[in-house]
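Here is the structure we will look at.
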Amino acid sequence: DAGVIQSPRHEVTEMGQEVTLRCKPISGHDYLFWYRQTMMRGLELLIYFNNNVPIDDSGMPEDRFSAKMPNASFSTLKIQPSEPRDSAVYFCASTLGGGAGTQYFGPGTRLLVL
Amino acid sequence: AQSVTQPDIHITVSEGASLELRCNYSYGATPYLFWYVQSPGQGLQLLLKYFSGDTLVQGIKGFEAEFKRSQSSFNLRKPSVHWSDAAEYFCAVAGASGTYKYIFGTGTRLKVLA
Chain A
1 DAGVIQSPRH EVTEMGQEVT LRCKPISGHD YLFWYRQTMM RGLELLIYFN
51 NNVPIDDSGM PEDRFSAKMP NASFSTLKIQ PSEPRDSAVY FCASTLGGGA
101 GTQYFGPGTR LLVL
Chain B
1001 AQSVTQPDIH ITVSEGASLE LRCNYSYGAT PYLFWYVQSP GQGLQLLLKY
1051 FSGDTLVQGI KGFEAEFKRS QSSFNLRKPS VHWSDAAEYF CAVAGASGTY
1101 KYIFGTGTRL KVLA
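Residue numbers (this note's numbering), protein chains in the order written: chain A, 1 to 114; chain B, 1001 to 1114.
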């Protein structure tokens, strides 16, 4: 299996621009998680889906952030408009069954907002 | 409040020396406990996990961890560190009662001296 795939790996954009991060979970996994990692706040869960349905988005920082999962093999995290404080590494992870299941992480997208 | 504490931000050991990384948690229910490792520029990889049963769990790469309920701890150990173990290590807790949200510690960065 190719593992969790994220694109792009690096993104540099200017403040105010729309940013879309993409994730392809491991085939067959029914849970998908979006995390943000910063030096100041560590690793934070933003949102997670079960069977393509958002279950908990309490970690989404602001209305500028939105996430979708149109099908079992694809999810997006969108930031519109982006701000410099959104600069971070964004990880996608997937698991089968949730809870006790091991979460498999993608390589992350390093976002820099100028 | 649920939390995970990794009191050591940085640890430096010599190659061949033993290693112990500390993790303390605060969790109301019976927790699931995890240790992940993150190499530079990479996503997180699971080292080991504890759900129930034997409180000493073995993981990959020669790591082990011991769950001590009385101390609310789940410390990671390795008897002899290799230079390739240099990375950042994260402890995480998840609920056994159905919540699928991991709570991560802030991480411990391990440096290995040749």
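Note that the Cβ used here is the ideal one computed from N, Cα and C, for glycine as well.
>> Strictly below 7 Å CB to CB, what residues from chain B border A/L45?
In response: In the first sequence, residue 45 of chain A corresponds to position 45, counting from 1. When 7 Å is used as the limit between beta carbons, A/L45 is near these residues of chain B: K1101, Y1102, in chain order.
>> Is there a Cβ of chain A sitting closer than 8 Å to that of B/L1044, yes or no?
In response: As a first step, residue 1044 of chain B must be located in the second sequence, where it is residue number 44. Answer yes: the Cβ-Cβ gap between B/L1044 and chain A drops below 8 Å somewhere.
> Looking only at DSSP bridge pairs, what is B/K1111 linked to?
Replying inline: As a working mapping, residue 1111 of chain B is identified with position 111 in the second sequence. Answer is B/T1012, bridged to B/K1111.
>> If the cut-off is 7 Å on Cβ atoms, which residues from the region 50-69 of chain A count as contacting chain B, listed in chain order?
In response: Answer set for the region 50-69 of chain A: D56.
> Among residues of its own chain, excluding the 5 on either side of A/E14, which ones have a beta-carbon nearer than 6 Å to its beta-carbon?
Replying inline: Here the question's residue 14 of chain A lines up with position 14 in the first sequence. A distance below 6 Å between beta-carbons, with the five flanking residues on each side excluded, links A/E14 to the following residues of its chain, in chain order: L114.
> So B/A1087 packs on B/G1105, CB below 8 Å; how close in whole Å?
Replying inline: Translated into the one-based positions of the second sequence, residue 1087 of chain B becomes position 87. Translated into the one-based positions of the second sequence, residue 1105 of chain B becomes position 105. With a Cβ gap of about 14 Å, B/A1087 and B/G1105 do not count as contacting.
>> Strictly below 9 Å CB to CB, what residues from chain B border A/P25?
In response: Residue mapping note: residue 25 of chain A aligns to position 25 of the first sequence, counting from 1. Going along chain B, no residue has its Cβ under 9 Å from A/P25, so there is no contact; the nearest lies around 13 Å.
> Could you give the residue range of the beta strand (DSSP E) that holds B/F1034?
Replying inline: In the second sequence, counting from the first residue as 1, residue 1034 of chain B sits at position 34. Where B/F1034 is concerned, the enclosing beta strand (DSSP E) stretches over 1031-1038.
> Near B/S1039, what residues of its chain come up, given a Cβ to Cβ distance below 6 Å and the 5 sequence neighbours on each side ignored?
Replying inline: Within the second sequence, the letter at position 39 stands for residue 1039 of chain B. The residues A1087, in chain order, have a CB closer than 6 Å to that of B/S1039 in the same chain once the five nearest residues on each side in sequence are set aside.
> Are at least three pairs of beta-carbons, each pair with one atom in the region 1040-1055 of chain B and one in the region 1007-1020 of chain B, less than 8 Å apart?
Replying inline: By the criterion of at least three beta-carbon pairs nearer than 8 Å, the region 1040-1055 of chain B is not in contact with the region 1007-1020 of chain B.
> So, helix, strand or coil for A/D56, using DSSP?
Replying inline: The residue you call residue 56 of chain A lines up with position 56 of the first sequence. Secondary structure of A/D56 (DSSP, three-state): strand.
> Going by Cα to Cα distance, which pick from A/T95, A/T76, A/R64 is closest to A/E83?
Replying inline: Numbered from 1 along the first sequence, position 83 holds the residue referred to as residue 83 of chain A. The option with the nearest alpha carbon to A/E83 is A/R64.
> Using a C-beta to C-beta distance shorter than 9 Å, which residues of chain B count as neighbours of A/F74?
Replying inline: Within the first sequence, the letter at position 74 stands for residue 74 of chain A. The contact set of A/F74 on chain B, defined by CB atoms closer than 9 Å, is empty, because the minimum CB distance reaches about 18 Å.
>> I'd like the list of long-range same chain contacts for A/T95, defined as Cβ closer than 7 Å, with 5 residues on each side in sequence excluded.
In response: Reading the first sequence from its first residue, position 95 is the one you call residue 95 of chain A. Result list for A/T95: H29, Y31, G101, T102, Q103, Y104, in chain order.
>> Measuring CB atoms only, is the region 19-26 of chain A touching the region 2-9 of chain A, in the sense that at least three cross pairs come out at less than 8 Å?
In response: A contact is defined here as three or more CB-CB pairs under 8 Å, and the region 19-26 of chain A meets this definition with respect to the region 2-9 of chain A.
> Checking contacts by CB at 8 Å: is B/T1106 closer than that to chain A?
Replying inline: Within the second sequence, numbered from 1, the residue matching residue 1106 of chain B stands at position 106. Interface residue, yes.
>> Quick check on DSSP: helix, strand or coil for A/P84?
In response: As a working note, residue 84 of chain A is residue 84 in the first sequence. Here A/P84 sits in helix by DSSP.
>> For A/R110, report the span of its beta strand (DSSP E) as first-last.
In response: Counting from 1 along the first sequence, the entry for residue 110 of chain A is found at position 110. Per DSSP, A/R110 belongs to the beta strand (DSSP E) from 109-113.
> Looking at the C-beta of A/G28, does it have a partner C-beta in chain E at a distance below 8 Å?
Replying inline: Here chain E cannot be found, since the structure's protein chains are A and B.
>> I need the boundaries of the beta strand (DSSP E) containing A/Q6, first residue and last residue.
In response: In the first sequence, the residue the question calls residue 6 of chain A occupies position 6. DSSP places A/Q6 inside the beta strand (DSSP E), whose first and last residues are 5-7.
> I think B/L1019 touches B/R1077, with their Cβ atoms under 8 Å apart; what is that distance to the nearest whole Å?
Replying inline: The sequence position of residue 1019 of chain B within the second sequence is 19, counting from 1. The sequence position of residue 1077 of chain B within the second sequence is 77, counting from 1. Rounded, the Cβ-Cβ distance is 6 Å, consistent with contact.
>> With a threshold of 8 Å between beta carbons, is B/K1078 in contact with chain A?
In response: Here residue 1078 of chain B is taken as the residue at index 78 of the second sequence, counted from 1. No, no contact with chain A.
> By Cβ distance below 6 Å, which residues in the same chain neighbour A/L46 in space, the five residues on each side in sequence not counted?
Replying inline: Indexing the first sequence from 1 puts residue 46 of chain A at position 46. These residues qualify, in order along the chain: W34, R36, G59, M60.
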